[in-house]
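> Going left to right, the sequence shown walks through residues 3 to 230 as the numbering used here numbers them. Here it is, the structure in full.
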Amino acid sequence: MTVAIVLLVPVLYFLHPYDGAILRAASSSEMPGLSLLRDLTDVGRTLFYLAIAFCILLWTTGRDRRTLEGRQKARLYTLESQTAFAFAGIGLSAVIVYIIKIAVGRARPALIDTLGPAFIEPFHGGYLYVSFPSGHSATVGAVTIILALWFPRWRLPVLVATLALAFSRIAVAAHYPTDVVAGFSIGFLFTLFLARFLANRNLGFSIDPGRMLPKRHVLTAERWENSP
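Below, the structure is given as structure tokens:
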């Protein structure tokens with residue numbers, strides 16, 4: 003994970019000179035599939051996922067556990083803990099990205115013809131000056147690692163689908179490529195860090211030696227009864 007963080011800086015550096023050209027090409031392209039991606043771009047909205055997770059947490063915390071059997075309690079705890087993890091991963095990634103957005107103050111692609119792709123005005127705070135990094139892409143990056151941990155066998159299809167969703171932000175001319183790469187990386191790496199942090203404390207996840215991705219705990223009735 004440290005290597006990925008270190009490599010992110012040179013990747014952004016070498017990609018930056020091509021931001022404008024890639025944006026113009028992607029946003030004007032009529033390639034098959036791009037129209038669908040443009041329609042689906044708002045699937046990356048942070049509030050969409052946070053609202054779902056919040057509703058699930060309200061339901062799980064409101065259940066009367068005294069009426070549940072061991073297996074039911076175990077399932078409820080698993081659902082609650084994993085939903086809380088998803089809420090924290092997506093929500094905190096969004097907070098990190100928002101702070102960087104305000105601090106950097108990069109002009110959005112809507113201003114490319116007047117200011118160019120490299121213009122920044124730190125702490126401007128206006129909507130047109132919070133392009134870097136992409137918030138949608140950060141959410142998609144967080145969702146990528148969440149789904150990869152929940153459904154290990156589907157990791158490759160999940161990665162392909164979420165990368166396509168992240169690319170849609172360029173296709174709709176909402177963000178430059180470096181915005182998308184940075185946002186996706188922040189969401190992905192922070193949520194992975196959070197999962198590993200929890201795994202090291204045996205909270206919802208565990209880690210096998212030599213493996214980067216933790217394994218999700220599924221609490222059984224027997225483990226529930228034997229837990230402190």
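Just so you know, even glycine gets a beta-carbon here, dropped at the ideal spot from N, CA and C. All figures in this text were calculated on a predicted structure; none of them were measured in a lab.
Rounded to a whole number of angstroms, what is the C-alpha to C-alpha distance between P211 and F195?
Roughly 16 Å separates the two Cα atoms.
> What's the C-alpha gap between S29 and S208?
Their backbone Cα atoms lie some 42 Å apart in a straight line.
> From T146, Q84 and V142, pick the residue whose C-alpha is nearest to that of N204; which is it?
The candidate whose alpha carbon is nearest that of N204 is Q84.
> From the DSSP output, read off the bridge partner residues of R108.
Paired residues: I122.
> I'd like to know whether the C-beta atoms of T193 and I147 end up nearer to each other than 8 Å.
Taking 8 Å as the Cβ cut-off, T193 and I147 qualify as a contacting pair.
> Provide the residue span of the alpha helix (DSSP H) that contains V5, from first to last.
T4 to L17 is the extent of the alpha helix (DSSP H) around V5.
> For I188, count the other beta carbons within 10 Å of its own beta carbon; 16 or more makes it buried, fewer makes it exposed. Which is it?
Flag for I188 reads buried.
> Using three-state DSSP, classify S136 as helix, strand or coil.
Residue state, collapsed to three classes: coil.
> L17 and T164 look like a contact to me (Cβ under 8 Å); what is the Cβ gap, rounded to whole Å?
So it is not a contact: roughly 19 Å between Cβ atoms.
> Within a Cβ cutoff of 7 Å, which residues of the same chain sit near R40, ignoring the five residues on either side of it in sequence?
Cβ within range, chain order: S170, A173 and V174.
> Determine the contact status of I122 and R108, defining contact as a CB-CB distance below 8 Å.
Closer than 8 Å, so yes.
> Just to confirm before moving on: does the CB-CB distance between G46 and L167 stay below 8 Å?
Against a cut-off of 8 Å, the Cβ pair of L167 and G46 comes out as a contact.
> Hey, G185 and G127: beta-carbon distance below 8 Å or not?
No, Cβ-Cβ distance for G185 and G127 is not below 8 Å.
> What are the uninterrupted segments assigned as alpha helix (DSSP H) that are 4 or more residues long and contained completely in the segment 179-206, given in chain order?
Runs of the alpha helix (DSSP H) inside the segment 179-206: 179-201.
> Looking at the secondary structure, which residues open and close the alpha helix (DSSP H) in which Y131 lies?
It is not in any alpha helix (DSSP H) - Y131 carries neither H nor E in the DSSP assignment.
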